[in-house]
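Residue numbers (the numbering used here): 6 to 170. By construction, the Cβ of each residue, glycine as well, lies at the ideal position given by its N, Cα and C atoms. Quick caveat, the model's predicted, so the values are computed rather than measured. Down below is the structure, laid out as structure tokens.
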Amino acid sequence: MASGEVVSGQHGDVAVASAAASALPIGTVVTNGGRVSGTRYPGQAPTTPPFTREELIGLDEALKAASEKAYVRFSVFIGELGTDAVADARAVLLRAPEPANGALIAVSPNSHDVVVVSGVDVADRVNDRVAQLGVTAAVTSFRQGDLIDGLIAALRVMSTAAAAS
């Protein structure tokens with residue numbers, strides 16, 4: 006596990022909210038892949054998502070490529086982590102599909118925390134060194150306000166390092 010500051014410093018899934026399923030609005034569910042999916046009533050204006058369609062497609066492609074390259078089920082979590090960011094990231098990883106074979110990059114934008122945790126079956130390949138490489142690769146883009154590019158850079162670096170291990 007590695008952590009750092011954002012401002013100072015088989016297939017993947019994207020989890021965007023840490024709210025319990027019961028706290029989600031009516032018409033919203035958490036899919037098996039960990040995504041939050043919602044519907045609207047006819048005539049209801051859509052809310053502006055934080056990322057463009059192209060950014061999400063790029064992240065999805067990077068998750069898939071990284072997972073296939075390293076044989077690790079990479080996931081990304083963007084949302085608030087509590088005072089114990091590492092414990093909260095571990096809890097998120099446990100909710101992901103195949104947590105023992107997974108690695109999670111968790112980003113808490115408001116507290117500027119980046120945490121990488123890995124499952125028990127891949128911990129020898131996604132270790133502290135690999136996690137630190139990923140955080141370091143992400144921080145430059147994060148400082149420039151580009152969260153998706155930073156995550157894609159981290160996934161590329163981590164999957165290359167984990168595949169070589």
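Do residue i and residue j have their C-beta atoms closer together than 9 Å?
| i | j | result |
| --- | --- | --- |
| L98 | G124 | yes |
| G139 | S146 | no |
| P104 | L152 | no |
| A167 | V131 | yes |
| R161 | A71 | yes |
| F82 | V127 | no |
| A158 | A143 | yes |
| A94 | S116 | no |
What's the call for residue i, buried or exposed, on a 16-neighbour Cβ count within 10 Å?
| i | result |
| --- | --- |
| V34 | exposed |
| G32 | exposed |
| I62 | exposed |
| A92 | exposed |
| A75 | buried |
| S42 | exposed |
| R58 | exposed |
Would you list the one or two residues that DSSP bridges to residue i?
| i | result |
| --- | --- |
| A108 | F79, S123 |
| S170 | Answer is none; S170 lacks a bridge partner. |
| S42 | V34 |
Whose C-alpha, out of the options, is nearest the C-alpha of residue i?
| i | options | result |
| --- | --- | --- |
| D118 | A71, V77, R148, D129 | R148 |
| I110 | V135, E59, E60 | V135 |
| P55 | R78, A159, G150, N106 | G150 |
| V120 | A108, D126, V127, D129 | A108 |
| S80 | E66, V144, Q137 | E66 |
| M163 | V77, S116, A96 | V77 |
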